[in-house]
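Have a look at the structure below before the remarks.
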Amino acid sequence: MSENSTTASQIGPQGEKPRKRSMFTFWMVVLVTAAPFVASTFFFFVIKPQGKPPYGELIQPQRQVPQLQLATLTGKSVDLRKYNGYWLMIVAGPAACGKSCQSLLYDIRQFFIAAGDDRYRVARIWLVTDSGPVNPGVFEPAEGTVILRAQPDQLKQWLPLAPGEHLEGPIWLVDPLGNLMMRFPSNPDPLKTLSVFKKLLYNTAGWKAKHLEPLP
Numbered sequence: 661m662s663e664n665s666t667t668a669s670q671i672g673p674q675g676e677k678p679r680k681r682s683m684f685t686f687w688m689v690v691l692v693t694a695a696p697f698v699a700s701t702f703f704f705f706v707i708k709p710q711g712k713p714p715y716g717e718l719i720q721p722q723r724q725v726p727q728l729q730l731a732t733l734t735g736k737s738v739d740l741r742k743y744n745g746y747w748l749m750i751v752a753g754p755a756a757c758g759k760s761c762q763s764l765l766y767d768i769r770q771f772f773i774a775a776g777d778d779r780y781r782v783a784r785i786w787l788v789t790d791s792g793p794v795n796p797g798v799f800e801p802a803e804g805t806v807i808l809r810a811q812p813d814q815l816k817q818w819l820p821l822a823p824g825e826h827l828e829g830p831i832w833l834v835d836p837l838g839n840l841m842m843r844f845p846s847n848p849d850p851l852k853t854l855s856v857f858k859k860l861l862y863n864t865a866g867w868k869a870k871h872l873e874p875l876p
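In the numbering used here, the protein residues as written are 661 to 876.
Written out as structure tokens, the structure is:
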């Protein structure tokens with residue numbers, strides 16, 4: 661028997677050695693896929709004093725996008741998880757959408773534009789929390805935003821709120837793996853929010869989704 665041959669005792673019952681190799685390969689693929697997000701979270705947040713982001717709140721533990729009852733304005737059901745692969749900027753509020761609501765929609769549109777070439781990795785989502793007619797004044801500041809009607813009770817279970825805070829006002833971030841991972845406060849500072857968001861995009865620039873669902 662040559663020195664390079666493999667004995668039955670080395671292989672183990674039912675081909676144990678190849679199985680170990682395949683599992684090792686599987687976990688290496690998982691590690692490589694998730695590495696940009698693990699690294700960006702660690703270097704961007706953990707090395708900051710007290711492990712806090714420079715602006716906004718890191719959601720711990722992260723929350724996966726749940727199955728929500730969502731529909732387009734024409735009544736077509738939508739699963740938010742189909743947008744996995746994008747960074748999601750989520751805001752919520754009533755269909756009447758007054759001045760502050762429109763201002764927030766305008767701000768996230770400007771964040772999208774300011775992202776430059778990375779904007780194609782970003783989807784903006786406005787979750788309408790009632791069944792009323794949508795204010796026509798919304799459509800200009802919300803141009804390019806995915807507008808979906810949602811159940812407010814479901815959103816309150818998923819989206820964290822500060823004491824006394826309402827669904828209308830904050831901005832939430834979902835990463836491309838479908839994790840709700842950051843929240844910016846009501847009436848967020850546009851420049852500080854943009855700075856944090858651009859750093860996240862920069863730190864995960866090497867990660868590319870195999871497939872991105874076309875945005876409506």
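Glycine is no exception: its CB is placed at the ideal position from the N, C-alpha and C atoms.
Checklist entry - Once you ignore the five residues that flank Gln814 on each side, which residues in its own chain have a CB closer than 7 Å to its CB? => result Taking the sequence shown and counting its residues from 1, the one referred to as residue 814 is at position 154. In chain order, Leu728 and Gln729 place their CB closer than 7 Å to the CB of Gln814, counting only its own chain and leaving out the 5 sequence neighbours on each side.
Checklist entry - Expressed to the nearest angstrom, what Euclidean distance is found between the alpha-carbon atoms of Val689 and Pro823? => result Start at 1 with the first residue of the sequence shown, and residue 689 comes out as number 29. Start at 1 with the first residue of the sequence shown, and residue 823 comes out as number 163. Below a pLDDT of 50, predicted positions are generally treated as unreliable, and Val689, at 49, falls in that range; the measurement from the model is reported next regardless. Rounded to the nearest angstrom, the two C-alpha atoms are 41 Å apart.
Checklist entry - Excluding sequence positions up to five away, which residues of its chain have a Cβ less than 8 Å from the Cβ of Ala783? => result Locating residue 783 in the sequence shown gives position 123, where the first residue counts as 1. Excluding positions up to five away in sequence, the list reads Tyr743, Tyr746, Trp747, Leu748, Met749, Val806 and Leu875.
Next on the checklist: Quick check: what's the CA-CA separation for Ala775 versus Gln762?
Outcome noted: Counted from its first residue, the sequence shown places residue 775 at position 115. Counted from its first residue, the sequence shown places residue 762 at position 102. Each residue's alpha carbon lies about 20 Å from the other.
Next on the checklist: Tell me which residues share the same chain as Phe857 and place their Cβ nearer than 7 Å to its Cβ, disregarding the 5 neighbours each side in the sequence.
Outcome noted: For this step, residue 857 is matched to residue 197 along the sequence shown. Excluding positions up to five away in sequence, the list reads Phe771.
Checklist entry - What whole-angstrom Cβ distance do Gly716 and Arg843 have, given they're in contact under 8 Å? => result Counted from its first residue, the sequence shown places residue 716 at position 56. Counted from its first residue, the sequence shown places residue 843 at position 183. Contact holds; Cβ gap of about 6 Å.
Checklist entry - Nearest to Val798 by CA position, among Gly758, Pro836 and Leu837, is which residue? => result Within the sequence shown, the letter at position 138 stands for residue 798. For the residues Gly758, Pro836 and Leu837, the minimum Cα distance to Val798 belongs to Gly758.
Next on the checklist: Considering only the alpha carbon of each residue, which of Ile768, Arg781 and Arg809 lies closest to Pro793?
Outcome noted: Against the sequence shown, residue 793 aligns to sequence position 133. Nearest option by C-alpha distance: Arg809.
Next on the checklist: Let's test the definition: count the other Cβ atoms within 10 Å of the Cβ of Asp767 and tell me whether it reaches 16, buried, or not, exposed.
Outcome noted: Within the sequence shown, the letter at position 107 stands for residue 767. Asp767 comes out buried.
Next on the checklist: If you follow the alpha helix (DSSP H) that Val856 is in, where does it begin and where does it stop?
Outcome noted: Position 196 of the sequence shown holds residue 856. Pro850 to Asn863 is the extent of the alpha helix (DSSP H) around Val856.
Checklist entry - Where DSSP assigns a beta bridge to Ala822, which residues make up the other side? => result Here residue 822 refers to the residue found at position 162 of the sequence shown. Beta bridge pairing from DSSP links Ala822 with no other residue.
Item to check | Beta-bridge partners of Val738, as assigned by DSSP | outcome: In the sequence shown, counting from the first residue as 1, residue 738 sits at position 78. Leu730.
Checklist entry - Hey, is Ser760 close to the ligand HEM, as in C-beta under 8 Å from one of its heavy atoms? => result By its list of ligands, the structure shown contains no ligand whatsoever, and the ligand HEM lies outside what it can speak to.
Item to check | Residue nearest to Leu872 in terms of C-alpha spacing, selected from Pro848, Gly838 and Ser855 | outcome: If you number the sequence shown from 1, residue 872 lands on position 212. Of the candidates Pro848, Gly838 and Ser855, the one whose C-alpha sits nearest the C-alpha of Leu872 is Gly838.
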